[in-house]
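Heads up: the structure comes next, in structure tokens.
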Amino acid sequence: MSANGLRRIASTSATTPASPRLGNGAHACAGQGLRRLETTAMLSALVERVDRIELTGTPVWAMNNIIRRHAHLPIKLIAGM
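Here's what the structure looks like:
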């Protein structure tokens, strides 16, 4: 993923509509605002320090019927110059 791609993710994370995983309305997660703030801070710091992300192996998907996620995602962060 390029630095431009990371910047796009970081800039939209704070303005993205409520995530279905955090619920909405009466069932909204009380900590979703903090989660968005933390995610924005983390992605902004990553964009400043990393030029690109390289896949170093084969991703392995976790067996889960509820959440689609990786059990193993081998990556290498390449620092910016």
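The sequence shown maps to residues 5 to 85 in our numbering. Even for Gly, the Cβ is constructed at its ideal location relative to N, Cα and C.
Residue burial classification, residue i (beta-carbon count within 10 angstroms, cutoff 16)
i	result
Val64	exposed
Leu47	buried
Asn68	exposed
Ser23	In this prediction, Ser23 scores a pLDDT of 46, lower than 50, which makes its location untrustworthy; the coordinate-derived value is nonetheless stated afterwards. Exposed, since its Cβ has fewer than 16 Cβ neighbours within 10 Å.
Under 8 Å between C-beta atoms of residue i and residue j
i	j	result
Ala66	His74	yes
Glu58	Ile71	no
Boundaries (first-last residue) of the alpha helix (DSSP H) holding residue i
i	result
Leu41	36-53
Rounded Cβ spacing between residue i and residue j (contact assumed at less than 8 Å)
i	j	result
Ser81	Val51	Reading off the sequence shown, one finds Leu at residue 81, where the question assumed Ser. About 11 Å; that fails the 8 Å criterion.
Residue span of the beta strand (DSSP E) that contains residue i, given as start and end
i	result
Leu81	79-83
Ala75	74-76
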